[in-house]
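For the sequence shown, our numbering begins at 17 and goes up steadily by one. In this text, a Cβ means the ideal position worked out from N, Cα and C, and glycines have one as well. Remember, predicted model here, so these are calculated numbers, not experimental data. Some notes on the structure that comes next.
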Amino acid sequence: MSTIVRTLRNLRRVGFKDAAHQMQNIGDTKAGTLIGVDRWGNKFFENMSEELPLRTRWVDYKDAEYDASHIEPGWHAWISYMVDAPPAADKILEGGIRHWELPEHRPNPTLSRSAYKTYSTTRPKINAWNPVAAPR
17 MSTIVRTLRN
27 LRRVGFKDAA
37 HQMQNIGDTK
47 AGTLIGVDRW
57 GNKFFENMSE
67 ELPLRTRWVD
77 YKDAEYDASH
87 IEPGWHAWIS
97 YMVDAPPAAD
107 KILEGGIRHW
117 ELPEHRPNPT
127 LSRSAYKTYS
137 TTRPKINAWN
147 PVAAPR
């Protein structure tokens with residue numbers, strides 16, 4: 017949660033439209049420099065001067081309904097502070113379609129109806145007790 021002064025300062029820096037978008041999606045207003053855009057249209061920002069440690073990098077997702085699997089591996093390494101240079105500056109982490117990747121994004125189905133559910137192929141060792149009540 018930020019202070020009113022900080023929110024108004026960031027409102028002046030980013031504009032009313034972007035500030036409203038940030039309040040809708042992340043619940044805070046942040047102003048920073050655009051570091052890069054991945055192939056799915058997500059924007060990555062950084063502000064080293066005013067933000068708290070480990071909150072200096074953030075992503076603005078293209079879609080309103082998002083999850084963490086919408087980030088490419090190189091950008092994920094940068095945003096979680098595993099590497100210092102963004103993938104646009106690092107040749108090894110640079111994005112691109114690899115031969116084993118799907119060309120379109122497939123969302124993570126965890127906690128949805130299409131999630132993987134295990135089932136057992138062995139018979140249970142304990143049988144449930146079915147009480148039999150005598151008629152009165």
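Using alpha carbons as the reference points, say which of the options lies closest to residue i.
i, options, result
"Thr126", "Gln40, Lys59 and Ala84", "Ala84"
"Met98", "Leu70, Glu81 and Val30", "Leu70"
"Gly48", "Met39, Lys107 and Val30", "Val30"
"Asp106", "Asn143, Trp74 and Gly52", "Gly52"
Exposed or buried, what is residue i when buried is set at 16 or more other beta-carbons lying within 10 Å of its beta-carbon?
i, result
"Pro119", "exposed"
"Leu109", "buried"
"Glu88", "buried"
"Arg114", "exposed"
Which partner residues does residue i have in the DSSP bridge list?
i, result
"Arg73", "Glu62"
"Gly216", "Outside the modelled stretch of the chain, which goes from 17 to 152, sits residue 216, for which no answer is possible."
Under 7 Å Cβ to Cβ from residue i, same chain only, skipping five residues before and after it: list those, please.
i, result
"Leu27", "Ala35 and Thr45"
Closer than 6 Å by C-beta to residue i: which residues in its own chain qualify, once you throw out the five before and the five after it? Chain order, please.
i, result
"Thr23", "Thr45"
- Does the count of Cβ pairs from the region 86-95 and the region 125-135 closer than 8 Å reach three? Touching, no.
- Touching by the beta-carbon criterion (3+ pairs, under 8 Å), the region 55-71 and the region 33-44: With fewer than three CB-CB distances shorter than 8 Å, the region 55-71 does not count as touching the region 33-44.
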